[in-house]
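Asker: Quick one: the structure is below, and I'll ask about it shortly.
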Amino acid sequence: MKRSNSIKVIGSLLLSALSQPAFAHDPNFGIGPHVLFKNGIETALETNLNKNGAQKNNQTGLQLTYGITGDWSAGVKLPYASKVSPTNTKSGVADAQLFTKYRFWRQDSKGLQESAAVMLAADLNNGDKNVSNGANDIISGLTYGYESLVWYRWASVRYRYNGENNAGIKRGNKTLVDFVMGWRPVMPEYKKPDTVWLFELNNEVTEKNTINGKQTANSGGIESFIAPGIFWTYRNFAIKAGVQLPIYSNLNGTQNKSDYRIRTTFEWHL
Amino acid sequence: MKKTPVISLLGFSLLGLWANLALAAGTQYNMRVDGLACPFCAYGIEKGFVKTEGVKSVDIDLKNGLVIVKTEDGITFTEKQLKRIINDTGFTMKSMTESPL
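Chains B and Y are the protein sequences, given in the same order.
Going by the working numbering, the first residue of the first sequence is number 50, and it counts up by one from there.
Going by the working numbering, the first residue of the second sequence is number 8, and it counts up by one from there.
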């Protein structure tokens, strides 16, 4: 595998890891079953900083979500990305993402909501050449959430199917499994600021990349992260922030381990 | 014209006027809503009611799972309408009471 191809694949993988639709009261890195109210509009600005050895990837995305029903939302994310390595810096409009989530189960009781949802997203191959994945990717997911006035719990599983680009390179498909706890230290009051602390355990299993059908040695593997974070809201405005730190890594061949990933999201419900 | 029918007529008119005024007054709906766990998510309820014609104010008590809606004069909602609005915002209305403002 040529060095330039390796860099492209690693960069694309990192950008893939960054790309995920943000949804209201969901975890920072995992997903939850939250959707929007009917006819509601959510605007979000999400920024990601991802360091992996000498490679840094930044992505800022504008996201628009619409509540089709009280249980079904859909939207689009338009990211701008930059890849910084010791030798060069590339930036441009990254691949747009279309996404939808359907909450198929909801159990409400006083001060508590349990629910489950499925999500589907597609990363389109329409970004600038130097930051695009170069292929259409599909992400599917299933998530459960328990949300009370004090405690939160989420669990989710996602599968990312990566397409093959014109050069015959296919980034390895990825399975993501997340467990998240949330704690609200002060009883919430409507029309007052609200804070929830989050603690995530994120696991990623990545298959090997292939070039023209042949597996590459220095690709794929397992990584696990812990991710402390915060969710702060006031009325219809929210700020989410979290940092993902590696706790376990078993990558195939010679690869840089992830150093950290930082994500912040500003959301506004209209 | 005798005095009694005039008094009766006046009485009925006043009664009718009072009845009209009573009917025209707004209504307060106190709804017990399940699933309320965070103020950010509950904003959808406020949004859902505020855009509904005739709603004067919305207040939410998260701790007690209460949504209080006051309507403008002469505006009323059925239980079915209220349930639908709450459901469209992702929550469940368990019960409600109504009283004139």
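Ideal placement from N, C-alpha and C gives every residue a C-beta, glycine not left out.
Note that the structure is a prediction, hence the values are computed from the model and not measured.
Could you check the C-alpha separation between Gly165 (chain B) and Gly42 (chain Y) for me, to the nearest Å?
Answerer: Numbered from its first residue, the first sequence carries residue 165 (chain B) at position 116. Numbered from its first residue, the second sequence carries residue 42 (chain Y) at position 35. Reading off the sequence, residue 165 (chain B) comes out as Ala, not Gly. The alpha-carbon atoms of Ala165 (chain B) and Gly42 (chain Y) are separated by roughly 14 Å.
Asker: If you draw a straight line from the alpha carbon of Gly33 (chain Y) to that of Gly116 (chain B), how long is it in whole angstroms?
Answerer: The residue you call residue 33 (chain Y) lines up with position 26 of the second sequence. The residue you call residue 116 (chain B) lines up with position 67 of the first sequence. Approximately 30 Å between the Cα atoms of the pair.
Asker: From Asp243 (chain B) to Lys159 (chain B), what does the alpha carbon distance come to, in whole angstroms?
Answerer: Along the first sequence, one-based indexing puts residue 243 (chain B) at 194. Along the first sequence, one-based indexing puts residue 159 (chain B) at 110. C-alpha separation (whole angstroms): 19 Å.
Asker: Is the separation between the beta-carbon of Tyr309 (chain B) and that of Gln293 (chain B) shorter than 8 Å?
Answerer: Counting from 1 along the first sequence, the entry for residue 309 (chain B) is found at position 260. Counting from 1 along the first sequence, the entry for residue 293 (chain B) is found at position 244. Cβ atoms of Tyr309 (chain B) and Gln293 (chain B): closer than 8 Å.
Asker: When you compare only the Cα positions, how much space is there between Ile311 (chain B) and Pro277 (chain B)?
Answerer: The sequence position of residue 311 (chain B) within the first sequence is 262, counting from 1. The sequence position of residue 277 (chain B) within the first sequence is 228, counting from 1. Approximately 10 Å between the Cα atoms of the pair.
Asker: Strictly below 7 Å CB to CB, what residues from chain B border Leu89 (chain Y)?
Answerer: Residue 89 (chain Y) sits at position 82 when you count from the first residue of the second sequence. None at all; the shortest Cβ gap to chain B is about 14 Å.
Asker: With DSSP as the reference, label Ala49 (chain Y) as helix, strand or coil.
Answerer: The residue you call residue 49 (chain Y) lines up with position 42 of the second sequence. Reduced to three states, the DSSP call for Ala49 (chain Y) is helix.
Asker: Apart from the five residues just before and just after Thr313 (chain B), which ones in its own chain have a Cβ nearer than 6 Å to its Cβ?
Answerer: Locating residue 313 (chain B) in the first sequence gives position 264, counting from the first residue. Contacts found: Thr96 and Ala290.
Asker: Given a cut-off of 8 Å, decide if Arg209 (chain B) and Asp186 (chain B) are closer than it, judged by their beta-carbon atoms.
Answerer: Walking along the first sequence from the start, residue 186 (chain B) turns up at place 137. Walking along the first sequence from the start, residue 209 (chain B) turns up at place 160. Contact: yes.
Asker: Quick check: the segment 220-236 of chain B against the segment 245-252 of chain B, are at least 3 beta-carbon pairs closer than 8 Å?
Answerer: In short, these stretches touch, since the Cβ pair count reaches three.
Asker: Opposite Ile271 (chain B) in the DSSP bridges: which residues?
Answerer: Residue 271 (chain B) sits at position 222 when you count from the first residue of the first sequence. Answer is B:Val254 and B:Asn299.
Asker: Compare the C-alpha of Ile218 (chain B) against each of B:Gln162, B:Ser268 and B:Pro234 and name the closest.
Answerer: Position 169 of the first sequence, counted from the first residue, corresponds to residue 218 (chain B). Comparing Cα positions, the closest option is B:Ser268.
Asker: Contact defined as beta carbons within less than 8 Å: I believe Ala170 (chain B) pairs with Asn214 (chain B). What is the distance between those atoms, to the nearest angstrom?
Answerer: Here the question's residue 170 (chain B) lines up with position 121 in the first sequence. Here the question's residue 214 (chain B) lines up with position 165 in the first sequence. Contact doesn't hold; Cβ gap of about 19 Å is too wide.
Asker: Look at the alpha carbon of Lys90 (chain Y) and the alpha carbon of Thr118 (chain B), and state the distance between them as a whole number of angstroms.
Answerer: For the purposes of this step, residue 90 (chain Y) is identified with residue 83 of the second sequence, where counting begins at 1. For the purposes of this step, residue 118 (chain B) is identified with residue 69 of the first sequence, where counting begins at 1. Computed Cα separation, rounded: 14 Å.
Asker: Helix or strand or just coil, what does DSSP make of Asn139 (chain B)?
Answerer: Numbered from its first residue, the first sequence carries residue 139 (chain B) at position 90. In the sequence under discussion, the amino acid at residue 139 (chain B) is Lys, which differs from the Asn named in the question. In this structure, Lys139 (chain B) counts as strand in the three-state DSSP scheme.
Asker: Express the C-alpha separation of Phe98 (chain Y) and Ile92 (chain Y) in angstroms, rounding to a whole number.
Answerer: Counting from 1 along the second sequence, the entry for residue 92 (chain Y) is found at position 85. Counting from 1 along the second sequence, the entry for residue 98 (chain Y) is found at position 91. In a straight line, the C-alpha of Ile92 (chain Y) is about 9 Å away from that of Phe98 (chain Y).
Asker: For the ligand ZN, any of its heavy atoms closer than 7 Å to the Cβ of Ala216 (chain B)?
Answerer: The ligand ZN is not part of this structure, which contains no ligands at all.
Asker: When Cβ atoms are compared, which residues of the segment 128-162 of chain B fall closer than 8 Å to chain Y?
Answerer: Cβ contacts with chain Y come from Arg152, Arg155, Asp157, Ser158, Lys159, Gly160, Leu161 and Gln162.
Asker: Is Ile14 (chain Y) buried or exposed, if buried means 16 or more other CB atoms sit within 10 Å of its CB?
Answerer: For the purposes of this step, residue 14 (chain Y) is taken as the residue at position 7 of the second sequence. Burial call: exposed.
Asker: Going straight from the alpha carbon of Cys45 (chain Y) to that of Leu111 (chain B), what length do you get?
Answerer: In the second sequence, residue 45 (chain Y) corresponds to position 38, counting from 1. In the first sequence, residue 111 (chain B) corresponds to position 62, counting from 1. Computed Cα separation, rounded: 25 Å.
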